[in-house]
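Structure first, commentary second.
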Amino acid sequence: EAGVAQSPRYKIIEKRQSVAFWCNPISGHATLYWYQQILGQGPKLLIQFQNNGVVDDSQLPKDRFSAERLKGVDSTLKIQPAKLEDSAVYLCASSPITTVETQYFGPGTRLLVL
Amino acid sequence: GENVEQHPSTLSVQEGDSAVIKCTYSDSASNYFPWYKQELGKGPQLIIDIRSNVGEKKDQRIAVTLNKTAKHFSLHITETQPEDSAVYFCAASTNTGNQFYFGTGTSLTVIP
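The listed protein sequences correspond, in order, to chains D and A. Here this note's numbering is used: the first residue of the first sequence is 1, the next is one more, and so on. Here this note's numbering is used: the first residue of the second sequence is 115, the next is one more, and so on.
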């Protein structure tokens, strides 16, 4: 079974630029999560989708972050404009159902904002 | 919301010794507690989990214990090996929404 795929793996941008990350979850997984992991901290949930609907985006900074999951499969996370404090690893995870269940994480995208 | 605290932040042990990592949580509604291992440059990988209806779970050299009354749970690794060196995260979750609240991580180093 293929795991969660993410791209790019690394991205360096200047502040005020925009950036987008892509995630392809495990086939058949209805739920998809985007996490932000700042160096030295645990992952923090940004947004959760079930199929193509948003379940929880309460911690997403909506003035600059946006995410979509068209057709309930792949997802993109965008930052526009980026700030220095957005430097982090952005992790995508998926799980089969929205009840308590294992989340499978991708390798992450490491973003550096200069 | 839920608050998960994790200790210690760093841990060094000799190969073959045991390692223990402890977490506390604040929300009594939390009922699922996974542990993840994160190696450098990789995403977190689930190593063991426990649900609130059991007090202990073991998988070979890894075990997790849960004390619901005290709201704390622990990861125990016995006979540690150099390949156990990584950052370990605990998390807590409730049935509603499946949002995970992660601890701040423990960097484990196993010295050969």
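For glycine and all other residues, C-beta sits at the position ideal for the given N, C-alpha and C.
Identification of chain A residues near G42 of chain D by a Cβ-Cβ cut-off of 7 Å yields F203, F216, G217, T218, G219, ordered along the chain.
Under a 10 Å Cβ-count criterion, R69 of chain D is classified as buried, with 16 or more other Cβ atoms of the shown protein chains found around its own Cβ. At least one C-beta of chain D is nearer than 7 Å to the C-beta of P158 of chain A. Looking at the DSSP output, G53 of chain D bridges to D:Q50. Boundaries of the beta strand (DSSP E) around P148 of chain A: 146 to 152. By the C-beta density criterion, T102 of chain D is exposed, having fewer than 16 other C-beta atoms within 10 angstroms. Boundaries of the beta strand (DSSP E) around T124 of chain A: 124 to 128. In this structure, the straight-line span from the alpha carbon of Y10 of chain D to that of V19 of chain D is close to 11 Å.
Flagged as an interface residue toward chain A: G106 of chain D, by a C-beta distance shorter than 7 Å. Taking each of A:Y139, A:T220, A:E153, A:F216 in turn and checking the Cα distance to L46 of chain D, the smallest one comes out for A:F216. Short of 6 Å from the beta carbon of D74 of chain D, and not among the five residues preceding or following it, lie these beta carbons of its own chain, in chain order: N24.
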